[in-house]
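Each residue of the sequence shown is one higher than the last, beginning at 1 in UniProt numbering. Ideal Cβ positions, reconstructed from N, Cα and C, are used throughout, including at glycine.
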Amino acid sequence: MRSLMSKYKMRQHSQHGSEVTLTSFMAGEGDPATASCELPAVVNPVTTLDAEALSELAARDATVPNNHYLSPALASNGWLTAAPPGGVAVTLPEPTSAPSIGGGSGEKGGGGSGGKSGGGSMYPPALRRAAERARRGCTRKLLFKRVPILTWAPLYRPGAAVSDLVAGFTVGLTVIPQAIAYANVAGLPPEYGLYSSFMACFVYALLGSCKDSAVGPTAIAAILTRENLHGLGPEFAVLLCFLSGCVELLMGVLQLGFLIDFISGPVSVGFTSAAAIIIATTQVKDVLGLSITGSNFLEVWERVFEHIGQTRLWDSVLGFSCMAVLLLLRKAKDIPVGPADSEKKTGVQKALVQFLWFISTARNIIVVVVCAVVAFLFKQHDSEPFKLTGYVKEGLPIFQPPPFSTTVNNRTYNFIDMATQLGSATFVVPLLAILENIALAKVFSEGKAIDATQEMLAIGACNILSSFVSSMPVSGALSRGAVNHASGVATPGSGVYTGIIVLLSLHFFTPYFYFIPKASLAAVIIAAVVFMVEFHVVKPMWRTKKIDLIPAFATFLSCLFIRLELGIVIGIGINVVFLLYASARPSVKVEKVMTTTGCEYLLITPDRSLVFPSVEYVRNQVSKAGVKQGSSSIPVVIDSRHIQGADFTAAKGVKSLIEDFVTRNQPILFYNLKPSIVEIFKGVQPKEFKYCHNETELSDLLKDYANKNTRLRETNGRH
Numbered sequence: 001m002r003s004l005m006s007k008y009k010m011r012q013h014s015q016h017g018s019e020v021t022l023t024s025f026m027a028g029e030g031d032p033a034t035a036s037c038e039l040p041a042v043v044n045p046v047t048t049l050d051a052e053a054l055s056e057l058a059a060r061d062a063t064v065p066n067n068h069y070l071s072p073a074l075a076s077n078g079w080l081t082a083a084p085p086g087g088v089a090v091t092l093p094e095p096t097s098a099p100s101i102g103g104g105s106g107e108k109g110g111g112g113s114g115g116k117s118g119g120g121s122m123y124p125p126a127l128r129r130a131a132e133r134a135r136r137g138c139t140r141k142l143l144f145k146r147v148p149i150l151t152w153a154p155l156y157r158p159g160a161a162v163s164d165l166v167a168g169f170t171v172g173l174t175v176i177p178q179a180i181a182y183a184n185v186a187g188l189p190p191e192y193g194l195y196s197s198f199m200a201c202f203v204y205a206l207l208g209s210c211k212d213s214a215v216g217p218t219a220i221a222a223i224l225t226r227e228n229l230h231g232l233g234p235e236f237a238v239l240l241c242f243l244s245g246c247v248e249l250l251m252g253v254l255q256l257g258f259l260i261d262f263i264s265g266p267v268s269v270g271f272t273s274a275a276a277i278i279i280a281t282t283q284v285k286d287v288l289g290l291s292i293t294g295s296n297f298l299e300v301w302e303r304v305f306e307h308i309g310q311t312r313l314w315d316s317v318l319g320f321s322c323m324a325v326l327l328l329l330r331k332a333k334d335i336p337v338g339p340a341d342s343e344k345k346t347g348v349q350k351a352l353v354q355f356l357w358f359i360s361t362a363r364n365i366i367v368v369v370v371c372a373v374v375a376f377l378f379k380q381h382d383s384e385p386f387k388l389t390g391y392v393k394e395g396l397p398i399f400q401p402p403p404f405s406t407t408v409n410n411r412t413y414n415f416i417d418m419a420t421q422l423g424s425a426t427f428v429v430p431l432l433a434i435l436e437n438i439a440l441a442k443v444f445s446e447g448k449a450i451d452a453t454q455e456m457l458a459i460g461a462c463n464i465l466s467s468f469v470s471s472m473p474v475s476g477a478l479s480r481g482a483v484n485h486a487s488g489v490a491t492p493g494s495g496v497y498t499g500i501i502v503l504l505s506l507h508f509f510t511p512y513f514y515f516i517p518k519a520s521l522a523a524v525i526i527a528a529v530v531f532m533v534e535f536h537v538v539k540p541m542w543r544t545k546k547i548d549l550i551p552a553f554a555t556f557l558s559c560l561f562i563r564l565e566l567g568i569v570i571g572i573g574i575n576v577v578f579l580l581y582a583s584a585r586p587s588v589k590v591e592k593v594m595t596t597t598g599c600e601y602l603l604i605t606p607d608r609s610l611v612f613p614s615v616e617y618v619r620n621q622v623s624k625a626g627v628k629q630g631s632s633s634i635p636v637v638i639d640s641r642h643i644q645g646a647d648f649t650a651a652k653g654v655k656s657l658i659e660d661f662v663t664r665n666q667p668i669l670f671y672n673l674k675p676s677i678v679e680i681f682k683g684v685q686p687k688e689f690k691y692c693h694n695e696t697e698l699s700d701l702l703k704d705y706a707n708k709n710t711r712l713r714e715t716n717g718r719h
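Okay, structure coming up:
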């Protein structure tokens, strides 16, 4: 039975005296010569090292100064073993129960270091090892990694607090009109957009690792929610938020971030562009003042053209005017003011630059507030030229678990029914939310590594806790992230200020949201998503690799004319087919080579790993080359330098390949095989499996074959 052992070795230091170095390793799994690690002392000066202290120190691979000593109980109970040359070795036996001060080693064995000499344990070895690994995993380092606020909060300074306050306030002004508009995109009452905009800010401040990320409702999450609600009500959106959080959290715990890698750039471009067009399409009716419904892209446009004669003039004027103003204000921050060098600008010029930046950043709230004031003034004169947002529920949401059952149109849905209605959205929404948030983190990472696992855990927790305040699915929004970054955000703590702004608006300003014209909110959405249509990438994609246009356009058209979730699945499927084809058809280079000793052979070099999709193709190519170019007699050498991996199917294929060559008495050798690949091939027990590691071995094997072949011809000639 393998045992956990710790050795302590006394060494002399010229300046610091002797030290006891603790070396922990698992018998049979490590080397005590390489497992030691010197760290600062972890116990107080002049401390007796009893059994519990030694166990703790051994687990931490620490170094103990010479002012620590073993307790007499340990020395008298077999803990102190015979001294090797140059030091004192101490062995810890396996505990029979919880360690005790001066504890012995059980009734049997008297303190041996391993095996059964410690008197046996009440727990199986596998369980003890699992418990030990779990204990080692629950470290301070892991805690600080998984709760990032513990890292930056102790270093928080007034300057950072001011930067976060400015950024949080600015993002708060941005998110309020966006939240109301995104609720409309999702087909929900406007207050649900605001409910989705504060809890995630607080949670991400605790768990988020990207300072620029502003978590809340997004256009993508809103349109996916709309497509999967089927008009069944906000309870389904809240449950979708909860389930999305659970999936994201599970992906983080299981470290399934690699699944995001299957969504390639072309697929992402096609999906995002189609989603942007669909989102804009859903807002056309509000810009024109029409009262129509439609479940998909084509149906909405069909209804628009059917009812185009019912267009409300003032809604249209307001909607298009707002779009023009928003697009102009977006460029306001780029207006040059004074010298290009900021140090040479005057005070007035600097103030003007800041003013232009502010109105450009806060353009959404400025436009919405101005339109609401105009609508209010018309209302005071008993005129209502615009369609208004209408009643918005006042006050904060009740903190309660998400609905696991509900009644809609006199039909009761239990949890299973609700989850069934949501369908694939419970997996697609969290997957895209993670993709959106990680993409945002990468944009503003400034070269730093992104912890995808931590982001999944953070977004998962944001969605789960947000569902308790009636939120729809949330994620990091690139537009608000850009505002955060431009505002000079210092830490994820800026989200706290954003959340407070949203809470204040819910508590004090909801009565005034009644007067916001729907056309202005639609203009805010259209002006934002128009830049998500990435038509500019088509040309670079054409120049680099034309075949990438296939998954891009397939995803785009499928999302646009079928469904968003199905479109992205189709795009991923096409990409997987391309990957499998590339894996199944490796390049196989064939050339005739002559050794320095005059031995001729065929050198065949596959350019990638040998796995099940490619094994038959490679086998056929090698056999064909051996017959045609090798005349069924010249030795064939397979250069395996590029074979980094193999599987059982590949091993079976190699075995069949060797048998083919043995049948026609043609030698086949493997060159540059990695030891792990050799073991895989040996697992199927092939006959005549010959391999070599260097040119000398290869030359010797070929020379032996040539000599053997010569002797065979001479023997046949005599007969």
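Taking all protein chains shown into account, decide if residue i is buried (16 or more other Cβ within 10 angstroms of its Cβ) or exposed.
| i | result |
| --- | --- |
| S640 | buried |
| F508 | exposed |
| R363 | buried |
| L143 | exposed |
| F531 | exposed |
| F355 | exposed |
| T715 | exposed |
| L422 | buried |
| V162 | exposed |
| S424 | exposed |
| A340 | exposed |
| residue 759 | No information on residue 759 is available, as it lies outside the stretch 1 to 719 that the chain covers here. |
| P177 | buried |
| G683 | exposed |
| E436 | buried |
How many whole angstroms separate the CB atoms of residue i and residue j, which I take to be in contact at a CB cut-off of 8 Å?
| i | j | result |
| --- | --- | --- |
| L610 | A650 | 4 Å |
| Q255 | T453 | 5 Å |
| S623 | L657 | 7 Å |
| S244 | P430 | 4 Å |
| K518 | L388 | 7 Å |
| L564 | E227 | 6 Å |
Need the endpoints of the alpha helix (DSSP H) that residue i sits in, please.
| i | result |
| --- | --- |
| I547 | Here I547 belongs to no alpha helix (DSSP H), and DSSP marks it neither H nor E. |
| K652 | F648 to T663 |
| V370 | R363 to Q380 |
| K628 | V615 to K628 |
| P430 | A425 to V443 |
| E227 | A219 to L229 |
Would you kindly report the start and end of the unbroken beta strand (DSSP E) that includes residue i?
| i | result |
| --- | --- |
| R411 | R411 to Y413 |
| I568 | Not the beta strand (DSSP E): I568 falls in the alpha helix (DSSP H), residues L564 to A584. |
| E591 | V588 to M594 |
| I638 | V636 to D639 |
| Y156 | Taken as a continuous stretch (DSSP letters only), Y156 belongs to no beta strand (DSSP E), as it is neither H nor E. |
| residue 720 | Past the edges of the chain, shown from 1 to 719, lies residue 720, and the structure says nothing about it. |
Compute the Euclidean distance between the alpha carbons of residue i and residue j, then round it to the nearest angstrom.
| i | j | result |
| --- | --- | --- |
| S209 | P492 | 7 Å |
| F378 | P385 | 8 Å |
| G252 | G488 | 29 Å |
| Y514 | G390 | 4 Å |
| K708 | V615 | 31 Å |
| V654 | A625 | 15 Å |
| V593 | Y617 | 23 Å |
| R711 | R664 | 18 Å |
| E198 | D647 | Position check: residue 198 holds Phe in this sequence, whereas Glu was assumed. Looking at the two C-alpha atoms, the distance is approximately 50 Å. |
| F578 | I677 | 26 Å |
| K546 | F556 | 16 Å |
Return the residue from the list the options that minimises the CA-CA distance to residue i.
| i | options | result |
| --- | --- | --- |
| S494 | R129, L188 and L165 | L165 |
| T498 | A179, K145 and T346 | A179 |
| F553 | V538, R543, H693 and L327 | V538 |
| G216 | L249, E227 and Y182 | Y182 |
| L313 | D548, V147, N620 and V287 | V287 |
| G231 | F404, L188, R303 and A205 | L188 |
| E394 | Q685, Y192 and V185 | Y192 |
| V250 | A458, F271 and G338 | As written in the sequence, residue 250 is Leu, which differs from the Val given in the question. Closest option to L250, Cα to Cα, is A458. |
| L440 | E455, I279 and T225 | E455 |
| T225 | L326, V474 and K333 | V474 |
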